[in-house]
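First comes the structure, then the notes that go with it.
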């Protein structure tokens, strides 16, 4: 599944120095993914990975300051690929995700810097999100609905 592969790539890039698409393919295969170089190439583009210089070459990394359009596209993709459901009570939104996806989705939500969202707490497949003020909850829920359906 694409979302699981993307989460694996995020983990690999965060913990290992990967210089080529072939290296990334090898690490993904070692983790059980049946992957081609063409698929990895598309994943790199979709995840907006960049190459940064080291003394002896280059390695894939996350862009330091993603632009607003890319941030919106990433969270939209994450919502459509990983979010199973979302609901609320009072000023708390509970988001259910695929197993292992909650922390990545919560991190993307936090990166939005939305003044109505105080913060998130994520487990393996559940995110708690606090909205302030309470009257902003419909606006935040509408935003999540648009992410999930458009």
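Residue numbers (my numbering): 55 to 204.
Beta carbons are placed, not taken as given, at the ideal position from N, Cα and C, and that holds for glycine.
Length of the line joining the Cα atoms of residue i and residue j
i	j	result
residue 178	residue 112	32 angstroms
residue 79	residue 145	43 angstroms
residue 191	residue 56	31 angstroms
residue 67	residue 98	11 angstroms
residue 149	residue 107	38 angstroms
residue 176	residue 197	19 angstroms
residue 119	residue 138	Residue confidence is low: residue 119 scores 41 on pLDDT, short of 50, so the model does not pin down where it sits. Its coordinate-derived value is still stated next. Rounded to the nearest angstrom, the two C-alpha atoms are 28 angstroms apart.
residue 174	residue 161	8 angstroms
residue 142	residue 157	19 angstroms
residue 170	residue 65	29 angstroms
residue 110	residue 70	15 angstroms
residue 88	residue 63	14 angstroms
residue 74	residue 155	25 angstroms
residue 84	residue 132	24 angstroms
Identified DSSP bridge partners for residue i
i	result
residue 174	183
residue 104	115
Test item: CB-CB of residue i and residue j under 8 angstroms
i	j	result
residue 163	residue 186	no
residue 115	residue 103	yes
residue 96	residue 82	no
residue 94	residue 147	no
residue 91	residue 77	no
The alpha helix (DSSP H) enclosing residue i, as first and last residue numbers
i	result
residue 202	191–203
residue 98	91–100
residue 160	156–165
residue 83	75–84
residue 58	56–69
Nearest residue (CA-CA) to residue i, options the options
i	options	result
residue 130	200, 56, 55	200
residue 203	107, 147, 135, 176	135
residue 42	195, 140, 184, 159	No answer is possible for residue 42: it lies beyond the span of the chain, which begins at 55 and ends at 204.
residue 34	182, 153, 73	Lying outside 55 to 204, the shown extent of the chain, residue 34 is not represented and no answer is given.
residue 166	183, 155, 69	183
residue 180	84, 72, 151	151
residue 105	85, 72, 140	72
Residue span of the beta strand (DSSP E) that contains residue i, given as start and end
i	result
residue 141	137–143
residue 150	146–151
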